[in-house]
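Heads up, the sequence shown is in the working numbering, so the first residue is 11 and it goes up one at a time.
C-beta atoms are modelled at their ideal positions from N, C-alpha and C, and glycine is treated no differently.
Given the structure is predicted, the values throughout are model-derived calculations rather than measurements.
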Amino acid sequence: MDGFKAFLKRKNIIFSAKRYGVDALGAMAQGLFCTLLIGTILNTLGDTFHIGIFSMNICSIGETAYSIGDLASAMVGPAMAVAIGYALQAPPLVLFSLIPVGYATNVIGGAGGPLAVLVVAIVASECGKLVSKETKVDILVTPIATILSGIGIAALVAAPIGAAASAFGSVIMMATELQPFLMGIIVSVTVGVALTLPISSAAICAALGLTGLAGGAAVAGCCAQMVGFAVMSFRENGVGGLVSQGIGTSMLQMPNIVRNPKIWIAPTLASAITGPIATCVFRLTMNGPAVSSGMGTCGLVGQIGVYTGWISEIEQGTRAAITAFDWIGLVLICFILPAILSVIFCNIERKIGWIKEGDLKLQ
11 MDGFKAFLKR
21 KNIIFSAKRY
31 GVDALGAMAQ
41 GLFCTLLIGT
51 ILNTLGDTFH
61 IGIFSMNICS
71 IGETAYSIGD
81 LASAMVGPAM
91 AVAIGYALQA
101 PPLVLFSLIP
111 VGYATNVIGG
121 AGGPLAVLVV
131 AIVASECGKL
141 VSKETKVDIL
151 VTPIATILSG
161 IGIAALVAAP
171 IGAAASAFGS
181 VIMMATELQP
191 FLMGIIVSVT
201 VGVALTLPIS
211 SAAICAALGL
221 TGLAGGAAVA
231 GCCAQMVGFA
241 VMSFRENGVG
251 GLVSQGIGTS
261 MLQMPNIVRN
271 PKIWIAPTLA
281 SAITGPIATC
291 VFRLTMNGPA
301 VSSGMGTCGL
311 VGQIGVYTGW
321 ISEIEQGTRA
331 AITAFDWIGL
341 VLICFILPAI
351 LSVIFCNIER
361 KIGWIKEGDL
371 KLQ
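Take a look at the structure:
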């Protein structure tokens, strides 16, 4: 047993929740961002502002024509798998062999492909690492072991995992339609908290395919955390902190949350209010990429996702036009209400001594 543990240590195979649930999940979100999300943004820019290079067809595969954005989006499976392998510190031959593994898994996984890719890429990476550099023909053995184990496992489990993830996401979205007030609170608070924790809310939303009204609630929760922390900590962190948290990530506050968990109350309460307002009053929906639901105001990706959803609905004929009420709802939910509510709750906490000067200072 000791010899096996030493072997795993030499191979840099560490079975831990942090490595698989934090590092790999966070990397997967980056792979999603650099392909599917960027591809969607490029297509939206091309179609909305008539930018030729973004909207023109670059090539055709079979009978399908692809723009730059389409090609970027098509690579989402390989990008996620390689990102996961990178997070697991896979050697080069394993890392590159994950490209076909990611593509195959995402295709087989269907709507729930991202979760299937997470599971399969982790297993394939570790299998590849087990045999890496153990033979004199490593150039053959490692890629074959990684690809066969990855695609073989994908053939067995990707479809069920994808279907389960898609079904669970559908249940959440259906429940939000039926109970928009209660589910608006639950989804907004849960996804918002996930965004601030050192895990990836974007990857979670993508894995579950969280769109529609539930996606709108998720956007509200993420914005409440990011804008909330940015504004309520302005006196300690100034403009730099406002920008880094407001369009960067509220995860920067995690060390302060560990020291004083009460600072998390204000933005979380704000999300519990903005979530049901988004679902019940403005009927804010995310019908762009599911990954955008978990991005909040990070690079304004959440708002771009909502906008791309509006454009898509207009093209499909399910929406007549983007109204002033739509824009007012988006601005209120994503920026104004989180800022006002978080500051109000934060000032109450400061008055009763739950938050002291310096508690929100970024290191």
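Limits of the beta strand (DSSP E) - the one that residue i falls within
i, result
"Ala75", "74-76"
"Ile71", "69-71"
Reduced DSSP secondary structure (H/G/I, E/B, other) of residue i
i, result
"Met261", "helix"
"Met183", "helix"
"Met236", "helix"
"Phe25", "coil"
"Val147", "coil"
"Phe178", "helix"
"Asp369", "coil"
"Leu188", "helix"
"Phe292", "coil"
"Ile362", "coil"
"Gly219", "coil"
Span separating the alpha-carbon of residue i from that of residue j
i, j, result
"Pro153", "Ile78", "29 Å"
"Cys69", "Gly87", "20 Å"
"Arg329", "Gly49", "23 Å"
"Gly238", "Gly231", "10 Å"
"Ile71", "Leu128", "27 Å"
"Ile257", "Thr307", "5 Å"
"Ile321", "Ile346", "24 Å"
"Thr45", "Ser83", "5 Å"
"Ala75", "Val203", "40 Å"
"Lys21", "Trp364", "47 Å"
"Met38", "Pro170", "20 Å"
"Thr156", "Phe25", "18 Å"
"Arg245", "Val301", "32 Å"
"Ala16", "Val141", "15 Å"
"Pro299", "Leu81", "15 Å"
"Met236", "Gly172", "30 Å"
"Ile161", "Thr115", "7 Å"
N- and C-terminal bounds of the alpha helix (DSSP H) containing residue i
i, result
"Ser254", "244-256"
"Ala300", "No alpha helix (DSSP H) contains Ala300, which DSSP labels as neither H nor E."
"Arg20", "12-20"
"Cys44", "Premise fails: Cys44 is in no alpha helix (DSSP H) and is neither H nor E."
"Cys344", "Note, Cys344: premise wrong, no alpha helix (DSSP H); not H, not E."
"Gly398", "Residue 398 is absent from the structure shown; the chain starts at 11 and stops at 373."
Rounded Cβ spacing between residue i and residue j (contact assumed at less than 8 Å)
i, j, result
"Val229", "Met296", "6 Å"
"Val111", "Ala131", "6 Å"
"Ser243", "Gly251", "6 Å"
"Ala280", "Ser352", "5 Å"
"Ala164", "Ile109", "Contact doesn't hold; Cβ gap of about 13 Å is too wide."
"Val375", "Pro265", "The structure shown does not extend to residue 375, since the chain is modelled only from 11 to 373, so the question has no answer here."
"Gly225", "Ser176", "Actually they are not in contact, since the Cβ atoms of Gly225 and Ser176 sit about 14 Å apart, beyond 8 Å."
C-beta neighbour in chain D for residue i, strict 9 Å
i, result
"Lys143", "Any reference to chain D falls outside this structure, which holds one protein chain only."
Using 8 Å as the cut-off, can you tell me whether the stretch 269-278 makes contact with the stretch 361-371, which would need three or more C-beta pairs spanning the two stretches below that distance? yes
When you compare the stretch 186-196 with the stretch 281-290, are there three or more beta-carbon pairs, one atom per stretch, that lie closer than 8 Å? Touching, per the Cβ criterion.
Taking 8 Å as the cut-off, does the stretch 353-362 touch the stretch 84-98 (at least 3 CB pairs, one atom from each stretch)? no
Is there contact here, the stretch 211-226 with the stretch 177-187, by at least three beta-carbon pairs under 8 Å? Output reads yes: the stretch 177-187 touches the stretch 211-226.
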